[in-house]
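Anchor point for the sequence shown: position 79 equals 79 in full-length UniProt numbering, and the numbering is continuous, going up by one each time.
In this text, a Cβ means the ideal position worked out from N, Cα and C, and glycines have one as well.
These figures come from a predicted structure and were not determined experimentally.
Below is one structure, written out as structure tokens, with a few remarks after it.
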Amino acid sequence: MTSTPSPAVKTRVLVIDDEPQILRALRINLSVRGYEVDTATSGSDGLRAATDHRPDVVVLDLGLPDMSGIDVLGGLRGWLSAPVIVLSARSDSADKVEALDAGADDYVTKPFGMDEFLARLRAAVRRAAAAADTDEPVVETSSFTVDLAAKSVTRNGAEVHLTPTEWGMLEMLVRNRGKLVGREELLKEVWGPAYAKETHYLRVYLAQLRRKLEADPSHPVHLLTEAGMGYRFQA
Numbered sequence: 001m002t003s004t005p006s007p008a009v010k011t012r013v014l015v016i017d018d019e020p021q022i023l024r025a026l027r028i029n030l031s032v033r034g035y036e037v038d039t040a041t042s043g044s045d046g047l048r049a050a051t052d053h054r055p056d057v058v059v060l061d062l063g064l065p066d067m068s069g070i071d072v073l074g075g076l077r078g079w080l081s082a083p084v085i086v087l088s089a090r091s092d093s094a095d096k097v098e099a100l101d102a103g104a105d106d107y108v109t110k111p112f113g114m115d116e117f118l119a120r121l122r123a124a125v126r127r128a129a130a131a132a133d134t135d136e137p138v139v140e141t142s143s144f145t146v147d148l149a150a151k152s153v154t155r156n157g158a159e160v161h162l163t164p165t166e167w168g169m170l171e172m173l174v175r176n177r178g179k180l181v182g183r184e185e186l187l188k189e190v191w192g193p194a195y196a197k198e199t200h201y202l203r204v205y206l207a208q209l210r211r212k213l214e215a216d217p218s219h220p221v222h223l224l225t226e227a228g229m230g231y232r233f234q235a
């Protein structure tokens with residue numbers, strides 16, 4: 001009798017679902033194939049499990065008892081780049097679009113075939129293998145601290161109020177810590193494709209962020225400009 005070989009480094013899967021039979025089926029089928037499996041039956045427990053034991057891939061139900069799966073997805077996407085596969089009984093196209101727009105990588109409708117689901121999981125893990133996003137939820141600098149999961153910024157122990165646009169810009173820079181983020185890329189991500197050439201927006205909002213966060217806004221050390229190219233966050 002042959003058994004499925006376990007990978008040298010196990011892929012960690014977090015399953016967030018409140019249906020016992022689904023949890024049991026996935027735990028058995030994933031474990032026997034060499035995956036390390038964590039489970040949670042509520043959104044809050046799922047977010048806590050993701051923080052305590054950072055997963056390589058998340059399987060998420062939308063209909064959770066304590067909070068919307070979309071809200072869980074938003075909390076994860078604030079700091080985690082691992083792929084998220086939504087597993088839901090909701091088959092309406094609007095639900096699928098909402099989940100994908102919120103950051104899901106795939107959407108599988110219940111009931112589902114285990115072989116197809118496992119194939120989708122393997123594909124999601126392969127696509128994520130080359131990803132290099134920052135997966136640490138809390139990033140500290142000498143002047144301020146960014147909590148990507150909570151979507152908050154503190155300075156000298158006090159929370160700093162950021163507008164949604166300011167947060168969107170800061171979040172993208174922090175998630176690409178140390179990397180150059182091009183001007184068009186940043187504009188498309190925060191403002192949308194129609195604003196890809198509106199580079200003056202970036203100057204205005206970056207100046208606002210520096211005034212709120214940098215110790216010396218006129219000589220920034222964390223929110224840096226690369227002339228003619230883009231911007232860089234340096235912790």
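Taking the beta carbon of residue i as the centre, do at least 16 other beta carbons fall within 10 Å, making it buried, or is it exposed?
| i | result |
| --- | --- |
| I28 | exposed |
| R203 | exposed |
| E166 | buried |
| V221 | exposed |
| A194 | exposed |
| G228 | exposed |
| F144 | buried |
| S88 | buried |
| R24 | exposed |
Using three-state DSSP, classify residue i as helix, strand or coil.
| i | result |
| --- | --- |
| D133 | In this prediction, D133 scores a pLDDT of 45, lower than 50, which makes its location untrustworthy; the coordinate-derived value is nonetheless stated afterwards. Three-state result, D133: coil. |
| L80 | coil |
| G31 | The displayed chain sequence assigns Ser, not Gly, to residue 31. Three-state DSSP puts S31 in a helix. |
| G75 | helix |
| L87 | strand |
| D115 | helix |
| L60 | strand |
| G69 | helix |
| V108 | strand |
| V204 | helix |
| E98 | helix |
| S143 | coil |
| D38 | strand |
| S152 | strand |
| E226 | strand |
| L162 | coil |
| V221 | coil |
| G182 | strand |
| T11 | coil |
Check this for me: beta carbons of residue i and residue j, under 8 Å apart or not?
| i | j | result |
| --- | --- | --- |
| I16 | D56 | no |
| L80 | A49 | no |
| V58 | G69 | no |
| A150 | P83 | no |
| H53 | D38 | yes |
| T41 | D71 | no |
| M172 | L187 | no |
Do you know offhand how far residue i's Cα is from residue j's?
| i | j | result |
| --- | --- | --- |
| E226 | L170 | 16 Å |
| S218 | I22 | 55 Å |
| V32 | K10 | 12 Å |
| D147 | P137 | 6 Å |
| D133 | F112 | With a pLDDT of 45 at D133, under the threshold of 50, the modelled position of this residue cannot be trusted; read the value that follows with caution. Cα to Cα, the separation comes out at about 31 Å. |
| Q208 | L64 | 38 Å |
| T141 | L206 | 17 Å |
| R77 | Q234 | 21 Å |
| G74 | R175 | 15 Å |
| S44 | T51 | 11 Å |
| A196 | G168 | 15 Å |
| D101 | A123 | 19 Å |
| G34 | V125 | 14 Å |
| R155 | L223 | 15 Å |
| E198 | S91 | 38 Å |
| V152 | L30 | The identity of residue 152 in the sequence shown is Ser, whereas the question assumes Val. If I take the Cα positions, the gap works out to 35 Å. |
| E189 | Y231 | 14 Å |
| R12 | R183 | 35 Å |
| L47 | W191 | 28 Å |
| P20 | G103 | 26 Å |
Less than 7 Å separating the Cβ of residue i from some heavy atom of the ligand MN?
| i | result |
| --- | --- |
| G168 | Among the components modelled here there is no ligand, and therefore nothing to report on the ligand MN. |
Stretch-stretch touch, CB-based, cutoff 8 Å, three pairs: the region 170-181 with the region 106-121: no
Touching by the beta-carbon criterion (3+ pairs, under 8 Å), the region 90-100 and the region 113-124: no
The region 205-213 touching the region 159-175, judged by at least three CB pairs closer than 8 Å: yes
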